[in-house]
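So the protein lines, in turn, are chains X and L.
Under this note's numbering, the first sequence has 24 at position 24, and the numbering climbs by one with no breaks.
Under this note's numbering, the second sequence has 78 at position 78, and the numbering climbs by one with no breaks.
A quick write-up on the structure given underneath.
2 protein chains.
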Amino acid sequence: MQKQTLPITFLSQMADVLKVMGHGFRLRIVEFLDLHGSAPAHVLLKALGGGQGALSQHLCKLRLAGVIQAERRGKEVWFTLATPAAVTILNCMRQRISSDKKILQPNR
Amino acid sequence: MQKQTLPITFLSQMADVLKVMGHGFRLRIVEFLDLHGSAPAHVLLKALGGGQGALSQHLCKLRLAGVIQAERRGKEVWFTLATPAAVTILNCMRQRISSDKKILQPNR
DNA sequence: TTGACATATCCTGACATTATGATATATCAT
DNA sequence: ATGATATATCATAATGTCAGGATATGTCAA
Chain X
1 MQKQTLPITF
11 LSQMADVLKV
21 MGHGFRLRIV
31 EFLDLHGSAP
41 AHVLLKALGG
51 GQGALSQHLC
61 KLRLAGVIQA
71 ERRGKEVWFT
81 LATPAAVTIL
91 NCMRQRISSD
101 KKILQPNR
Chain L
1 MQKQTLPITF
11 LSQMADVLKV
21 MGHGFRLRIV
31 EFLDLHGSAP
41 AHVLLKALGG
51 GQGALSQHLC
61 KLRLAGVIQA
71 ERRGKEVWFT
81 LATPAAVTIL
91 NCMRQRISSD
101 KKILQPNR
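Structure below.
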């Protein structure tokens, strides 16, 4: 873990990952997969609600960003978290909700 | 740090924070402030480049999301990181760049 | 008050993202 | 092959985001 300027291209790529996770519904997908390990799309659909097309597109974005993995098993496609980065970010938020809620109320 | 379903409204708010950090230029601002502690806008402008108006808007978004703090000192406005969450995410990336680069190459 | 510097805001056009609904593809059982 | 289930893709319209440039505000010094 170096503490010096990261390459701009790397920051840009990481920004893409954060951007993909920066969506309420997609974050719920990530959290669900963290809690349940893995699940096929139709289970996510029933658990999280919304339209089927929308879910599929969100899963696609998460997959392209390297956040989740997809694996077909028969008719189903099972999704799993693909990077510990997602879990790190989730845990960061879990800490925050219990201790420091100021983040939700910017001081101006 | 609880490991159960976070409230949807909270996930939605955290998604907004991630979304704001999910931009290459803004991430460079965050990294700069982590490395240098704090800085006025014109120093950021010279260090990071870009237009003055754009920088100001990015700083505004980061501030509204609670990622940075602003404090006027005379003519200048000094900016500082406002939440350890930002640093946690940065460190997460710093770990990633040295060990696990697969995140940059999704396997499809 | 005037000028210089620092920052914020506004406007605009280009582009990206989103949800929705319809349709297409894939897989399996009959 | 047909139907049923699971998932992906497409088209579209509404909305959001972006950079750039112009302008406005705030602060200080002379």
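Glycine included, C-beta positions come from ideal geometry on N, C-alpha and C.
Only a predicted model underlies this, so the values are computations on that prediction, with no experimental measurement involved.
Backbone CA spacing between residue i and residue j [nearest angstrom]
| i | j | result |
| --- | --- | --- |
| L81(L) | M21(L) | 12 Å |
| E76(X) | C60(X) | 15 Å |
| N91(X) | N91(L) | 14 Å |
| R63(L) | L62(X) | 27 Å |
| S12(L) | F32(X) | 14 Å |
| D34(X) | G50(L) | 38 Å |
Residue i and residue j closer than 9 Å at C-beta
| i | j | result |
| --- | --- | --- |
| I68(L) | I89(X) | no |
| H146(X) | H58(X) | Nothing can be reported for residue 146(X), as the shown portion of chain X is limited to 1 through 108. |
| F79(X) | A86(X) | no |
| L48(X) | R28(X) | yes |
| F25(X) | A54(X) | yes |
| S56(L) | A39(L) | no |
| M14(L) | M93(X) | yes |
| T83(L) | R96(X) | yes |
Short CB-CB distance (under 9 Å) between residue i and chain X
| i | result |
| --- | --- |
| H58(L) | no |
| V20(L) | yes |
| A109(L) | Outside the modelled stretch of chain L, which goes from 1 to 108, sits residue 109(L), for which no answer is possible. |
| K46(L) | no |
| F10(L) | yes |
| A15(L) | yes |
Integer-rounded CB distance, given that residue j should sit under 8 Å from residue i
| i | j | result |
| --- | --- | --- |
| A65(L) | V17(L) | 5 Å |
| K19(L) | K19(X) | 6 Å |
| Q52(L) | L45(L) | 6 Å |
Helix, strand or coil at residue i according to DSSP, with G and I counted as helix
| i | result |
| --- | --- |
| P84(X) | helix |
| V115(X) | Since the first residue of chain X shown is 1 and the last is 108, residue 115(X) is not available in this structure. |
| V77(X) | strand |
| Q4(X) | coil |
| A15(X) | helix |
Residue-level contact to chain L via CB, residue i, 9 Å cutoff
| i | result |
| --- | --- |
| A85(X) | yes |
| G24(X) | yes |
| T5(X) | yes |
| R96(X) | yes |
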